[in-house]
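For the sequence shown, the working numbering gives the first residue as 151, with consecutive numbering after it.
Ideal placement from N, C-alpha and C gives every residue a C-beta, glycine not left out.
What you are looking at is a predicted structure, and each value in this text was computed from that prediction instead of being measured.
Data first, discussion second: the structure below is written as structure tokens.
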Amino acid sequence: MQMEKKIIRMFGTDLDGSLRVDRALMKIKGISFSFAQAVRRALNIPFNKKLQELSEEELKQIEECIRDPSKFGIPSYLYNRRKDLETGRDLHLVSSELEMRKKLDIEFLKSIKCYRGIRHMYGFKLRGQRTRSRGAHFYGRIGPVVGVSKKEKKKGGS
């Protein structure tokens with residue numbers, strides 16, 4: 151009897167081996183439901199197959215497919231970074247790469263001082279939400295608590 155792997159490490163994330171392949175892949179930051187389905191279909195993995203039932207070669211193939219999905223025929227509209235500013239290529243980033251690139255994008259917006267960059271600098275909302283009563287202001291996101299305090303009673307008569 152072959153030994154089953156309960157936890158499988160992929161892209162810096164521990165994945166539960168008892169989950170179906172597409173459900174397990176969704177636990178990785180940067181992989182959506184649609185992209186996980188596309189990976190499973192591109193590699194011809196059966197729908198009900200569990201992650202722990204896959205061989206080492208199949209796991210390596212999944213990693214390669216996530217790193218370079220264009221090789222496996224996954225359409226570019228499923229990628230999370232199309233037309234990258236630096237390279238102009240369609241990319242799909244996961245885990246720490248995705249977080250790092252997102253931080254660099256925000257720093258770039260701040261450096262060119264565009265509208266979104268300025269909103270990021272001051273911690274305001276970016277997408278047209280109202281900020282009159284909610285959101286960031288001078289005191290930060292929460293702000294000082296305004297309450298009613300009782301006056302002390304004076305001892306003695308009038």
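Starting from residue i, trace the alpha helix (DSSP H) both ways and give me its first and last residue.
i: Arg190; result: Phe183 to Ala192
i: Gln211; result: Glu206 to Arg217
i: Leu259; result: Ser245 to Ile262
i: Arg269; result: Tyr265 to Tyr272
Do you know how far the Cα of residue j is from the Cα of residue i?
i: Arg146; j: Asp166; result: Lying before the first or after the last residue shown, residue 146 is absent from the chain, which here runs from 151 to 308.
i: Leu193; j: Arg231; result: 22 Å
i: Lys260; j: Ser182; result: 28 Å
i: Met151; j: Ser205; result: Unreliable positioning characterises Met151 in this predicted model, as indicated by a pLDDT of 41, which lies under 50. The coordinate reading is nonetheless provided below. Straight-line Cα distance between these residues: approximately 14 Å.
i: Asp172; j: Lys252; result: 25 Å
i: Pro196; j: Ile224; result: 17 Å
i: Leu226; j: Lys210; result: The question names Leu, yet the displayed sequence has Ser at residue 226. Cα to Cα, Ser226 sits roughly 22 Å from Lys210.
i: Lys221; j: Ser283; result: 49 Å
i: Leu175; j: Glu249; result: 17 Å
Sorry if obvious, but does the Cβ on residue i come closer than 7 Å to a heavy atom of the ligand NAD?
i: Phe161; result: Among the ligands in the structure shown, none appear at all, so the ligand NAD cannot be discussed.
Across which residues does DSSP place residue i in a beta bridge pair?
i: Ile157; result: Asp166
i: Lys200; result: Arg170
i: Arg231; result: Leu241
Apart from the five residues on each side of it in sequence, which residues of its chain come closer than 8 Å, Cβ to Cβ, to residue i?
i: Gly311; result: Residue 311 cannot be examined here, being either before or after the span of the chain that is shown, 151 to 308.
i: Ser184; result: Leu228
Below 8 Å on the Cβ atoms is my contact criterion, and I expect residue i with residue j to pass it. Report the Cβ-Cβ distance as a whole number of Å.
i: Leu201; j: Leu169; result: 6 Å
i: Lys179; j: Val244; result: 6 Å
Using a Cβ-Cβ cut-off of 7 Å (strictly less than) and excluding sequence neighbours within five positions of residue i, which residues of its own chain qualify?
i: Lys177; result: Thr163 and Leu165
i: Met271; result: Lys260
Sorted by chain position, which residues of the same chain lie with C-beta nearer than 6 Å to residue i's C-beta, five sequence neighbours on each side aside?
i: Glu203; result: none
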